[in-house]
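Undergrad:
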Amino acid sequence: MRSSAINIQSISYIDLRKYNVLILPNSSGLDRIIDDKASNNIKRWIEAGGTLIASGSSAVFATDKERGLSSVRLRRNVLEDLSIYEEALQREMNARDVKIDPNEIWGTPKTAMAKAETEGQPPEDTKTETPKKDKGKENIETLKRTDQWQRTFSPGGVFLAGHVNTEHWLGFGLEERLPLMLMGSYAFMSKHPVSTVVRLDDKETLRMSGLLWPEAKDRLANSAYATVESVGRGQVILFATDPTFRTWLPGMQRLFFNAVLLGPGMVTSQPIPW
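Residue numbers for the sequence shown follow this note's numbering, beginning at 398 and rising by one.
1. Going by beta carbon distance, what residues of the same chain come within less than 6 angstroms of leucine 659, once the five residues before and after it are set aside?
2. Among Ala656, Thr543 and Arg548, which one has its Cα closest to the Cα of glutamate 477?
3. Use the C-beta contact count for glutamate 601: other C-beta atoms within 10 angstroms, 16 or more gives buried, fewer gives exposed.
4. Excluding five sequence neighbours on each side, which residues of the same chain lie with their C-beta closer than 6 angstroms to the C-beta of phenylalanine 585?
5. Using the Cβ count rule (16 or more neighbours within 10 Å means buried), how would you classify valine 633?
6. Measure the alpha-carbon distance for alanine 492 versus arginine 596 and round it to whole angstroms.
7. For serine 480, does the three-state DSSP call read helix, strand or coil?
8. Which full runs of the alpha helix (DSSP H) of 4+ residues lie inside the stretch 526–604, going along the chain?
9. Quick check on alanine 621: does DSSP put it in helix, strand or coil?
10. Going by beta-carbon coordinates alone, are glutamate 444 and glycine 631 separated by less than 8 angstroms?
11. Taking the alpha carbon of isoleucine 408 as the reference point, which residue from Gly504, Leu557, Glu612 and Ser436 has its own alpha carbon closest?
12. Within 10 Å of its beta-carbon, does phenylalanine 569 have 16 or more other beta-carbons around it, so buried, or fewer, so exposed?
13. How far does the beta strand (DSSP E) with glycine 648 in it reach, from first residue to last?
14. Got a sec? Which residues, its chain only, sit under 7 angstroms from leucine 608 by beta carbon, not counting five neighbours each side?
15. When we look at the beta-carbon of tyrosine 615 and count the other beta-carbons within 10 Å, is it buried (16 or more) or exposed?
16. In three-state terms, what does DSSP make of alanine 451?
17. With a threshold of 7 angstroms on Cβ separation, who are the neighbours of serine 424 within its own chain once the five nearest residues in sequence on each side are excluded?
18. Less than 8 angstroms between the beta carbons of threonine 673 and leucine 617, yes or no?
19. Would you give the residue range spanned by the alpha helix (DSSP H) that leucine 427 belongs to?
20. Quick one: measure Cβ to Cβ for arginine 651 and leucine 540, integer angstroms, because I've assumed they're closer than 8 angstroms.
21. Please name the residue, chosen from Ile439, Ile431, Asp461 and Gly648, that lies closest to leucine 557 on a Cα-to-Cα basis.
22. In its own chain, which residues sit with a C-beta less than 6 angstroms from the C-beta of alanine 451, not counting the 5 before and 5 after it?
23. For the alpha helix (DSSP H) containing isoleucine 439, list its first residue and its last residue.
24. Find the nearest neighbour of leucine 419 within the set Trp610, Gly446, Gly426 and Glu564, judged by alpha-carbon distance.
25. Threonine 523 by DSSP, collapsed to three states: which one?
26. If leucine 646 sits next to proline 576, beta carbons under 8 angstroms apart, how far is it from one beta carbon to the other, in whole angstroms?
27. Just to confirm, are valine 591 and asparagine 562 a CB contact at a threshold of 8 angstroms?
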């Protein structure tokens, strides 16, 4: 497999069109190296059919709203929208185990409306709540303080359980339950239309091995680990941590290899021939 090492400081004027995959490894300080010109060059390349893969701190760089590379966000930056992400998460969870009741589709509608009219109350799905006094600003400040406090308990290295969407090409060859090595304070939030191929388990089943404080468990549970997102004719693939860290976990490496080898052929096109 042909590959090229690119000087990141030169990426603003490098012609990226002959490459179909660009990998940004876990590296801090990219915001000081990649300026707006370089970011725009990368974005145009993705929109033309390139596949961007970023992990860890580089994934954080890609989630910066101002850069417009991805709609995935860090939890600390979307605290005011947590309810939206929770709703999207619930829909995703429901889709894992779909049970279809023919009576719900073809049968007679339930008598909830008639029963509610008899009792003088609206049915459950039509009830409206009286808005309370605006405490949004106060609640956001509380969430910020809580999130900052929970980040102080971030793991230095722990094995956590992730749920894999095995029907997605990024998860090919893996079981539904995947051991993941996680460290640091990054918690990524994703929702439709982003495909969250690997998501951390809920807090009851999250920890597999290692020290995980309850505060960190509450914060990391159900956060995104691996996401795939269409951007123009290309795509952005993000990993919460380096999936090849010390080559410890073959399952995590499989995710990375799928991203590199299968990614360019899935809903993308190479900008120009090699």
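We put the beta carbon where it would ideally sit given N, CA and C, even for glycine.
Computed from a predicted model, the values in this text were never measured in an experiment.
TA: A quick look at the data gives this:
1. Cβ neighbours of leucine 659 within its own chain (closer than 6 angstroms, five residues either side excluded): Trp566.
2. The shortest Cα separation from glutamate 477 among Ala656, Thr543 and Arg548 belongs to Thr543.
3. The residue is exposed, with fewer than 16 neighbouring Cβ atoms inside 10 Å.
4. Val469, Ser620, Ala621 and Ala637, listed in sequence order.
5. Residue environment for valine 633: buried (at least 16 other C-beta atoms within 10 angstroms of its C-beta).
6. Roughly 14 angstroms between the two C-alpha positions.
7. Here serine 480 sits in helix by DSSP.
8. The qualifying runs are 533–548.
9. If DSSP states are grouped into helix, strand and coil, alanine 621 belongs with the strands.
10. Taking a C-beta distance under 8 angstroms as the contact criterion, glutamate 444 and glycine 631 qualify as a contact pair.
11. When only C-alpha atoms are compared, the closest one is Ser436.
12. With fewer than 16 other Cβ atoms from the protein chains shown falling within 10 Å of its own Cβ, phenylalanine 569 counts as exposed.
13. Unbroken run through glycine 648 is the alpha helix (DSSP H), 647–658; no beta strand (DSSP E).
14. These residues qualify, in order along the chain: Pro552 and Val555.
15. The question names tyrosine, but residue 615 in the sequence shown is aspartate. Exposed.
16. Strand at alanine 451.
17. Excluding residues within five positions, the ones whose Cβ falls inside 7 angstroms are Ser454 and Ser455.
18. The structure shown does not extend to residue 673, since the chain is modelled only from 398 to 671, so the question has no answer here.
19. That run of the alpha helix (DSSP H) goes 427–430.
20. Rounded, the Cβ-Cβ distance is 36 angstroms, inconsistent with contact.
21. The shortest C-alpha separation from leucine 557 is found at Gly648.
22. Leaving aside the five residues that flank alanine 451 on each side, the residues in its chain whose CB is nearer than 6 angstroms to its CB run, in chain order, Leu421, Ala459 and Leu635.
23. Per DSSP, the continuous alpha helix (DSSP H) segment holding isoleucine 439 begins and ends at 433–444.
24. Leucine 419 has its Cα closest to that of Gly446, out of Trp610, Gly446, Gly426 and Glu564.
25. Here the model assigns threonine 523 a pLDDT of 48, short of 50, so the residue's position is not dependable, and the following value carries that caveat. DSSP places threonine 523 in helix when its eight states are reduced to three.
26. The C-beta distance from leucine 646 to proline 576 rounds to 6 angstroms, short enough to meet the 8 angstroms contact threshold.
27. Contact flag unset, no.
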